[in-house]
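Worksheet for the structure shown next.
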Amino acid sequence: MLRALLLIGCCAALAPVKLPDGFKAPTPKPLQIGDSEIPDLLSGAAALAVRLATGTFVLGWRPCFAEVGGVKLFGSEPGAGEYALSFGPVRFRDDSSVLPAARPSKPIVVYEYESSPFCRKVREMCCLLDLEVEYRPVPGARGGAFAKELFAGGKTMVPYMVRLRRPSRASRRWRRSVPAQVDENADVAMYESDDICQYLRETYGPAQDAYDPKALWPLTFGPFQLITSTLAAIVRGLPGGQRRPDARSDNEERKPL
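Residues -20 to -1, 1 to 237 in mature numbering (1 follows the signal peptide of the UniProt record, and there is no 0) are what the sequence shown spells out, letter by letter.
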């Protein structure tokens, strides 16, 4: 209770977030790609190609046609709570042959920044396992820019995984590295991308005999993963490596929505 009151008091002391003076809501319009976004689109496609589209599809991804020309294909039609995409006379759906496995009841929290090849490995593993994750960017992590809430004492390290219901703050020993993870569904908090990926795979992935481990080689083959993830970050312009100069100074202190 005391900790909750202190947290509420700290948040109340922060300046309120409000719309800037003279702000006018933009006119709604269909989603479209402007000329200024084309370089980002091309660099994103190039980075995806460098990584062989790792993380684009879940583990055991299985596409199929549910209907062609009005003819429903037996065993492929969507069931209750499922859906299919329609393209003219064709209805398409997909699923996974090995997922879903165990699901976390609360989102896993991952502290990371985009240009880190080790953080990218964790993000791709989360996508492969179709996990619900709350990403908390830590721009400038290598330079020591960290949220006080996470790195209040000792060393720091990102990526850091948090599986909430985390250990007491006094029992944590932080290092300066990324990514970092906290999982509130169990008393688990850890560093090191390899350890995080192994934990996620063993805790939320399918049984090892349900899939071919070779499917994970873009993540498990260290030299390939490190080189291609670094190249992908360079192609993207090393995003998230530094804090934006116009960012609010108290962003890290604010509670998530």
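In this text, a Cβ means the ideal position worked out from N, Cα and C, and glycines have one as well.
Helix, strand or coil at residue i [DSSP, three-state]
i: Phe3; result: coil
i: Ser66; result: strand
i: Pro10; result: coil
i: Val162; result: strand
i: Ala213; result: helix
i: Pro219; result: coil
i: Asp226; result: coil
i: Val(-4); result: coil
i: Glu104; result: helix
i: Ala25; result: helix
i: Phe45; result: strand
i: Phe201; result: coil
i: Glu71; result: Looking at the sequence provided, one finds Arg at residue 71 rather than Glu. Looking at Arg71 - three-state DSSP - the assignment turns out to be strand.
i: Ser16; result: helix
i: Arg31; result: coil
i: Tyr109; result: It should be noted that the sequence gives Leu, not Tyr, for residue 109. Coil.
i: Ser173; result: helix
i: Arg181; result: helix
Bounding residues of the beta strand (DSSP E) (the contiguous stretch that carries residue i)
i: Val38; result: Element bounds for Val38: n/a, residue is neither H nor E.
i: Pro117; result: 113 to 117
i: Ala169; result: 168 to 170
Same chain, Cβ closer than 6 Å to residue i, neighbours up to 5 away in sequence not counted
i: Cys107; result: Gly35
i: Ala150; result: With a pLDDT of 41 at Ala150, under the threshold of 50, the predicted position of this residue should be treated as unreliable, and no value is reported.
i: residue 242; result: Outside the displayed range of the chain (-20 to 237) lies residue 242, so it cannot be described from this structure.
i: Arg146; result: Interpretation of Arg146 is limited by its pLDDT of 41, a score under 50 that renders its predicted location unreliable; no figure is taken from the coordinates.
C-beta contact flag for residue i and residue j at 9 Å
i: Val89; j: Asp192; result: no
i: Ala166; j: Glu92; result: no
i: Arg100; j: Ser16; result: no
i: Val168; j: Asp110; result: no
i: Thr183; j: Ala33; result: no
i: Gln222; j: Pro119; result: yes
i: Ala212; j: Ala64; result: no
i: Val(-4); j: Arg224; result: no
i: Arg42; j: Ser77; result: yes
i: residue 258; j: Glu104; result: Since the displayed the chain opens at -20 and closes at 237, residue 258 lies outside it and no answer follows.
i: Val215; j: Ser23; result: yes
i: Leu196; j: Val102; result: no
i: Gly40; j: Ala190; result: yes
i: Phe45; j: Phe72; result: yes
i: Leu206; j: Cys177; result: no
i: Asp230; j: Leu(-7); result: yes
i: Glu112; j: Pro87; result: yes
Endpoints, the alpha helix (DSSP H) within which residue i is located
i: Val78; result: Looking at the DSSP string, Val78 is not in any alpha helix (DSSP H), and its letter there is neither H nor E.
i: Glu94; result: Counting along the chain, Glu94 falls outside any alpha helix (DSSP H), and DSSP gives it neither H nor E.
i: Asp189; result: Premise fails: Asp189 is in no alpha helix (DSSP H) and is neither H nor E.
Neighbourhood of residue i by C-beta, 7 Å cutoff - its chain only, sequence neighbours within 5 removed
i: Glu80; result: According to the sequence provided, residue 80 is Pro. The question's Glu does not apply to it. Counting only Cβ-Cβ distances below 7 Å, and skipping sequence neighbours, we find Asp110.
Other residues of its chain near residue i: CB distance less than 8 Å, five sequence neighbours each side excluded
i: Ser148; result: Unreliable positioning characterises Ser148 in this predicted model, as indicated by a pLDDT of 44, which lies under 50. A coordinate reading is not provided.
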